[in-house]
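Chemist: Residue numbers for the sequence shown follow this note's numbering, so the first one is 272 and each next one is one higher.
Sending over a structure as structure tokens; questions will come in a sec.
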Amino acid sequence: MRFAVLILLAINTLFTSLAVHAGSNAQQVFGLSEYVYIEELGVRYKAKIDTGAESASINAINAKVEKGHGKKDDLVHFDLVLPDDTLKSVSLPLSKHIRIKRRAADYGEDEKDYSRRPVLELTLCVGGQSHKVEVNLADRRQFSKPMLVGSDPLTAFGALVDPSKKYLQNKSLCPIKADSEEHDE
């Protein structure tokens, strides 16, 4: 009888240990759309989750780079398109520029097949998890979502994507800071 109890205790301990270990490696599951809060901008956007894209983009227009004394001193001045379609003038440090391949229908024979975009390092919060990632500035006014989150940020979040679902992450776990302008979509 004692032997049977010891065996049951050992099995219970083993399964409890396995469950705890599995829970510690659990990945977040994102839907095809998620709410993303950008800490530096104090804005929450509805974002398209796109594993076919590499980077993240936010809806911004009129981007101009101001050269600083050193390469790391460059600033980007731009108008952030807020969820209510108003504009907010913003200036932030430039991280780098990237080239984004354009669709053939978006350019003529004499134009380049890529667009050059400024990149910022911004802190994104989804479902209570925050990560600093590279985000490029793009005019997304003609798209259904003002923000796109690609595979690089998804990797930073350790996220899996369930294409049959939307808004799986709780947006209230990334509260809008009290000192931010409240812009929430």
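For every residue, glycine included, the Cβ atom is placed at its ideal position computed from N, Cα and C.
Extract the residue ranges of the alpha helix (DSSP H) inside the stretch 385 to 432, only unbroken runs of 4 or more that lie entirely within it.
Modeler: Runs found: 422 to 428.
Chemist: Leaving out the 5 sequence neighbours to the left and right, which residues in its chain are closer than 7 Å to A427 when beta-carbon positions are compared?
Modeler: Once the five neighbours on either side are set aside, the close Cβ partners of A427 are H402 and V404.
Chemist: Please state whether DSSP places K436 in a helix, a strand or coil.
Modeler: In this structure, K436 counts as coil in the three-state DSSP scheme.
Chemist: From this set, A324, V361, A297 and G339, which residue's C-alpha is nearest L312's C-alpha?
Modeler: It is V361 whose Cα lies nearest to the Cα of L312.
Chemist: Using the Cβ count rule (16 or more neighbours within 10 Å means buried), how would you classify R388?
Modeler: The residue in question, R388, is buried, as its Cβ has 16 or more Cβ neighbours within 10 Å.
Chemist: Spatial neighbours of L460 within its chain, please: CB distance less than 8 Å, with the 5 preceding and 5 following residues excluded, ordered by chain position.
Modeler: In this structure the chain extends from 272 to 456, so residue 460 is not present and cannot be described.
Chemist: Tell me which residue opens and which closes the beta strand (DSSP E) that I332 is part of.
Modeler: I332 -> beta strand (DSSP E) spans A327 to E337.
Chemist: By alpha-carbon positions, which one of G339, F414 and S435 ends up nearest to A331?
Modeler: Of the candidates G339, F414 and S435, the one whose C-alpha sits nearest the C-alpha of A331 is F414.
Chemist: Quick one: what does DSSP say S360 is sitting in, helix, strand or coil?
Modeler: It is a strand residue.
Chemist: In this structure, what does DSSP give as the bridge partners for H348?
Modeler: According to DSSP, H348 bridges with K335 and S362.
Chemist: Near V397, which residues of its chain fall below 6 Å by C-beta distance, leaving aside the five closest residues on each side in sequence?
Modeler: Same-chain partners within the cutoff: E305, V307 and Q440.
Chemist: Any idea which residues DSSP pairs H368 with across the strands?
Modeler: H368 is bridged to P389.
Chemist: Would you mind working out which of S366, E310, L444 and E325 sits nearest H348, comparing C-alpha positions?
Modeler: If we check each option's Cα against that of H348, S366 comes out closest.
Chemist: Of all the options D423, K448, S443 and M418, which has the alpha carbon lying nearest to the alpha carbon of K317?
Modeler: Of D423, K448, S443 and M418, the residue nearest in Cα terms is M418.
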